[in-house]
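Asker: In UniProt numbering, the protein residues as written are 1 to 135.
From the three backbone atoms N, C-alpha and C, an ideal C-beta is built for every residue, glycine too.
All of these numbers come straight from a predicted model, not from anything done at the bench.
Following this message is one structure expressed as C-alpha cells.
Set out below in C-alpha cells:
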C-alpha cells in the first residue's frame, strides 16, 4: 500500500509541475492571477493527497477489522458460557451482603446450598417490594 501511495503522490506531483509550467507560459496572466492559480493548484494537490490518505486509511481499517472479527467472535463465545460454581457463590454472596444486610463473616462458612437458599429467599423478598406512590 505504501508503494501505491508513493505512485499516487508522484503522479500528482508531475501533474502539478505540468500545470505550473503552463501557468508561467501563459502571457495573458498578471502576477496576481498567477499567484492565485498557484494557490489553487496547491490546495487542489493537498485535497488529492488527503483523499488518497483517507482511502488508504479506510482500506487498512477494513483489513484490520477482518483480522480482528474472528478474535472478537471467539471472545464473545467465551463470555456466553455459564458462570462457574465459584463465580455463582461469589455473586450470591455480594447480593446477600448488599441486599440482605449479611456480613462476609456470616456467609463465610456456608455451603453452596445454604447460600443459594438464602439468596433466593432474599431475592423473592426484594422482588415483592412495591414502592409507595407519591401523590
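Please work out which residues of its chain come closer than 7 Å, Cβ to Cβ, to residue 112, disregarding the five sequence neighbours upstream and downstream, and give them in chain order.
Answerer: Mapped onto the chain shown, residue 112 falls at position 112. Here the set comprises 85 and 89.
Asker: Measure the C-alpha to C-alpha separation of residue 104 and residue 70 and round it to an integer number of angstroms.
Answerer: Along the chain shown, read from residue 1 onward, the residue named residue 104 stands at position 104. Along the chain shown, read from residue 1 onward, the residue named residue 70 stands at position 70. The straight-line gap from Cα to Cα measures roughly 41 Å.
Asker: Does residue 102 come out as helix, strand or coil in the three-state DSSP assignment?
Answerer: For the purposes of this step, residue 102 is taken as the residue at position 102 of the chain shown. Reduced to three states, the DSSP call for residue 102 is coil.
Asker: By how many angstroms is the C-alpha of residue 97 removed from the C-alpha of residue 76?
Answerer: Working through the chain shown from its first residue, we reach residue 76 at position 76. Working through the chain shown from its first residue, we reach residue 97 at position 97. Near 30 Å, if we compare the C-alpha coordinates of residue 97 and residue 76.
Asker: Report the rounded CA-to-CA distance for residue 120 versus residue 106, giving the unit in angstroms.
Answerer: Counting from 1 along the chain shown, the entry for residue 120 is found at position 120. Counting from 1 along the chain shown, the entry for residue 106 is found at position 106. Approximately 17 Å, taken between the alpha carbons.
Asker: Does DSSP put residue 82 in a helix, in a strand, or in coil?
Answerer: Counted from its first residue, the chain shown places residue 82 at position 82. In this structure, residue 82 counts as coil in the three-state DSSP scheme.
Asker: Alpha carbon to alpha carbon, how far is residue 92 from residue 102?
Answerer: For the purposes of this step, residue 92 is identified with residue 92 of the chain shown, where counting begins at 1. For the purposes of this step, residue 102 is identified with residue 102 of the chain shown, where counting begins at 1. Distance between the alpha carbons of residue 92 and residue 102 is about 11 Å.
Asker: Got a sec? Which residues, its chain only, sit under 6 Å from residue 100 by beta carbon, not counting five neighbours each side?
Answerer: If you number the chain shown from 1, residue 100 lands on position 100. Excluding sequence neighbours, residue 100 sits near 122.
Asker: For the alpha helix (DSSP H) holding residue 126, just list the boundary residues, first then last.
Answerer: Walking along the chain shown from the start, residue 126 turns up at place 126. First-last of the alpha helix (DSSP H) with residue 126: 112-128.
Asker: Tell me which residues share the same chain as residue 83 and place their Cβ nearer than 8 Å to its Cβ, disregarding the 5 neighbours each side in the sequence.
Answerer: Counting from 1 along the chain shown, the entry for residue 83 is found at position 83. Result list for residue 83: 91, in chain order.
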